[in-house]
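*Asks:* Numbers given in this note's numbering equal positions in the sequence shown, counted from 1, plus 2.
Every residue, glycine too, gets a C-beta built ideally from N, C-alpha and C.
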Amino acid sequence: MLTYNKISIPLLKPFRTSFGTQLTRDAIILSYREGENRSFAEAVTDEAPLYGYEDNFTVIHVIKNHLASFFSPDLEPYKFNEKISGIRGHNMAKGAMEMLLWDINAKREGKALHEFLGKSKGYADVGISIGMSSLEEELKMVGESLKAGYKRIKVKIERGYDVELLSAIRKNYGDIPLSADANQGYSRNDMKTLKKIDQFNLLYLEQPLSLEDLNGHSILRKEMKTPICLDESIDSLRSATNAIESGAVDVINIKPGRVGGLQNSLDIMEIAKENGIKVWIGGMLETGIGRSFNISLASNSLVTMPGDTSPNSRYFRKDITRETFDMKNGTIVPMKGPGIGVTLDYEFLNSVEVEGGKILD
Numbered sequence: 003m004l005t006y007n008k009i010s011i012p013l014l015k016p017f018r019t020s021f022g023t024q025l026t027r028d029a030i031i032l033s034y035r036e037g038e039n040r041s042f043a044e045a046v047t048d049e050a051p052l053y054g055y056e057d058n059f060t061v062i063h064v065i066k067n068h069l070a071s072f073f074s075p076d077l078e079p080y081k082f083n084e085k086i087s088g089i090r091g092h093n094m095a096k097g098a099m100e101m102l103l104w105d106i107n108a109k110r111e112g113k114a115l116h117e118f119l120g121k122s123k124g125y126a127d128v129g130i131s132i133g134m135s136s137l138e139e140e141l142k143m144v145g146e147s148l149k150a151g152y153k154r155i156k157v158k159i160e161r162g163y164d165v166e167l168l169s170a171i172r173k174n175y176g177d178i179p180l181s182a183d184a185n186q187g188y189s190r191n192d193m194k195t196l197k198k199i200d201q202f203n204l205l206y207l208e209q210p211l212s213l214e215d216l217n218g219h220s221i222l223r224k225e226m227k228t229p230i231c232l233d234e235s236i237d238s239l240r241s242a243t244n245a246i247e248s249g250a251v252d253v254i255n256i257k258p259g260r261v262g263g264l265q266n267s268l269d270i271m272e273i274a275k276e277n278g279i280k281v282w283i284g285g286m287l288e289t290g291i292g293r294s295f296n297i298s299l300a301s302n303s304l305v306t307m308p309g310d311t312s313p314n315s316r317y318f319r320k321d322i323t324r325e326t327f328d329m330k331n332g333t334i335v336p337m338k339g340p341g342i343g344v345t346l347d348y349e350f351l352n353s354v355e356v357e358g359g360k361i362l363d
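(1) Residue range of the alpha helix (DSSP H) that Asn83 falls in?
(2) Return the bridge partner residues of Thr323 from the DSSP annotation.
(3) Whole beta strand (DSSP E) runs in the region 176-240 with 3 or more residues, listed along the chain?
(4) Where does the unbroken beta strand (DSSP E) through Gly358 begin, and where does it stop?
(5) Alpha carbon to alpha carbon, what distance is there between Ala170 and Lys66?
(6) Quick test of your reading: Ala250 and Leu216, contact by CB under 8 Å. State the CB separation rounded to the nearest angstrom.
(7) Smallest Cα separation from Pro336: which of Val128, Met3, Leu69 and Ile30?
(8) I want to know whether the region 51-66 touches the region 88-105 - three or more CB-CB distances under 8 Å.
(9) I want to check one thing, is the minimum distance from the CB of Asp105 to the heavy atoms of the ligand ZN below 7 Å?
(10) What does a CB cutoff of less than 7 Å around Glu111 pick up in its chain, not counting 5 residues either side in sequence?
(11) Identify the continuous alpha helix (DSSP H) that holds Gly145 and give its terminal residues.
(12) Secondary structure at Leu52, three-state DSSP: helix, strand or coil?
(13) Please classify Met329: does DSSP put it in a helix, a strand, or coil?
(14) Just verifying my parser: in three-state terms, what is the DSSP assignment at Arg293?
(15) Considering only residues of the same chain and omitting the five flanking positions on each side of Val356, which have a CB-CB separation below 6 Å?
(16) Are the region 141-159 and the region 345-363 in contact at 8 Å, needing three or more beta carbon pairs?
(17) Once you ignore the five residues that flank Ser319 on each side, which residues in its own chain have a CB closer than 8 Å to its CB?
(18) From the DSSP output, which residues share a beta bridge with Asp127?
(19) Got a sec? Which residues, its chain only, sit under 7 Å from Thr243 by beta carbon, not counting five neighbours each side?
(20) At the level of alpha carbons, what is the spacing between His68 and Thr228?
(21) How is Phe21 classed by DSSP in three states: helix, strand or coil?
(22) Measure from the alpha carbon of Glu160 to the alpha carbon of each residue in Gln209, Thr326, Leu362 and Lys113, then state which is nearest.
(23) Taking 8 Å as the cut-off, decide whether the C-beta atoms of Gly1 and Glu214 are in contact.
(24) Is the beta carbon of Lys322 sitting closer than 8 Å to the one on Leu304?
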């Protein structure tokens, strides 16, 4: 039986980006039960279509009315992708269904997902993404994050809150591994301001311009010495190929739930390697379910930079998974059990459920 649960979990702290401030993680959890065996996946959408055009309503609609009819627990993920290729867009909905099949298949093989995917190092290098707050609070969080052992610090920036913040971080913490994420908050008219960021020796500047503006990123890449990282612009293998061919990108942030699942993520990693593009695995404030997929993928040897997938205790006082992800020396080890290796705390899941129902018998 294939079912879904829509849940809302309070975040420990508000998470502010140029899109707005997030107070809760409103997630769609997919569950497939076969006898006593259960497999899971998580859609990375939210209640509002701010990060992309998909939201929780569209995910449930597309899965129920368009994707579910192609689903079979006996399918390998790439075969499922072939069957749904005629459905345009909606990669977050597709990604949730595809990743569910990865968990099902890995559990049937009795392998942990990171081993089932292949090329696993056995650990993921971990960075942190710090949401916007006061300058004083952000400097404090940077210091705490460095003490905790994170291998890369990323801060969110926007118009009017960029140069001052980065300057203060460099003044207080020196030449730490630092990057900045604009979440599409700038335009080509902001070139003068964006070029000022070159002075801060960042690992990369992430998604400064609109997701559609590959030409703008290509121009900016020629004007700046800071590497350009693309996030929202990369929602498929095709978009990654276009970005590389147009000279718009140095680094790709791969979010498996955004690019249509793990197979597409692996394909993007391969084409990035062929073209000398660095990659890392991002996150969308996922619960322990999505977090386990991310850590498993981030353990792949083709991943060349620390990602954003912090321990779940950084975001939630309590998670829906019984297992936790703990960081040691800047790394997180993927779960060792079959598949994604997590089990659900159903009592807590029921307490945060907003909606739920059956998709397929």
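*Replies:* This is what the structure gives:
(1) If you number the sequence shown from 1, residue 83 lands on position 81. Residues Pro79 to Lys85.
(2) On the sequence shown, residue 323 is found 321 positions in, with the first residue counted as 1. DSSP output for Thr323 lists Leu346 as bridge partner(s).
(3) 180-183 and 230-232
(4) If you number the sequence shown from 1, residue 358 lands on position 356. Boundaries of the beta strand (DSSP E) harbouring Gly358: Glu355 to Leu362, taken from the DSSP string.
(5) Numbered from its first residue, the sequence shown carries residue 66 at position 64. Numbered from its first residue, the sequence shown carries residue 170 at position 168. Cα to Cα, the separation comes out at about 49 Å.
(6) If you number the sequence shown from 1, residue 250 lands on position 248. If you number the sequence shown from 1, residue 216 lands on position 214. Between Ala250 and Leu216, the beta carbon gap of about 4 Å places them in contact (Cβ cut-off 8 Å).
(7) Looking up residue 336 in the sequence shown gives position 334. Closest option to Pro336, Cα to Cα, is Val128.
(8) Taking 8 Å as the limit for Cβ pairs, the verdict is that the region 88-105 does touch the region 51-66.
(9) What this structure holds is no ligand at all, so the ligand ZN is not there to describe.
(10) Locating residue 111 in the sequence shown gives position 109, counting from the first residue. Cβ neighbours of Glu111 beyond the five flanking positions: Phe118.
(11) Taking the sequence shown and counting its residues from 1, one reaches residue 145 at position 143. Where Gly145 is concerned, the enclosing alpha helix (DSSP H) stretches over Leu137 to Ala150.
(12) Locating residue 52 in the sequence shown gives position 50, counting from the first residue. Note: Leu52 maps to coil in three-state DSSP.
(13) Start at 1 with the first residue of the sequence shown, and residue 329 comes out as number 327. In the structure shown, Met329 sits in a strand (DSSP, three-state: E or B).
(14) Numbered from its first residue, the sequence shown carries residue 293 at position 291. Here Arg293 sits in helix by DSSP.
(15) Here the question's residue 356 lines up with position 354 in the sequence shown. Within the same chain, Val356 has close Cβ partners Lys8 and Ser10.
(16) Contact fails: fewer than three Cβ-Cβ distances are below 8 Å.
(17) The count along the sequence shown starts at 1 and reaches residue 319 at position 317. Inspection of the sequence shows that residue 319 is occupied by Arg rather than by Ser. So the qualifying residues of the chain are Pro12 and Leu14.
(18) The count along the sequence shown starts at 1 and reaches residue 127 at position 125. The partner list for Asp127 (beta bridge, DSSP) reads Thr333.
(19) For the purposes of this step, residue 243 is taken as the residue at position 241 of the sequence shown. Only Ile273 meet the Cβ criterion.
(20) Counting from one through the sequence shown, the residue named residue 68 turns up at place 66. Counting from one through the sequence shown, the residue named residue 228 turns up at place 226. Counting only the Cα atoms, Thr228 lies some 42 Å from His68.
(21) Along the sequence shown, one-based indexing puts residue 21 at 19. Here Phe21 sits in coil by DSSP.
(22) On the sequence shown, position 158 is the one that residue 160 refers to. When only C-alpha atoms are compared, the closest one is Gln209.
(23) In the structure as shown, the chain begins at 3 and stops at 363. Residue 1 is therefore absent and cannot be evaluated.
(24) In the sequence shown, counting from the first residue as 1, residue 322 sits at position 320. In the sequence shown, counting from the first residue as 1, residue 304 sits at position 302. The sequence as given places Ile at residue 322; Lys does not occur at that position. Cβ atoms of Ile322 and Leu304: not closer than 8 Å.
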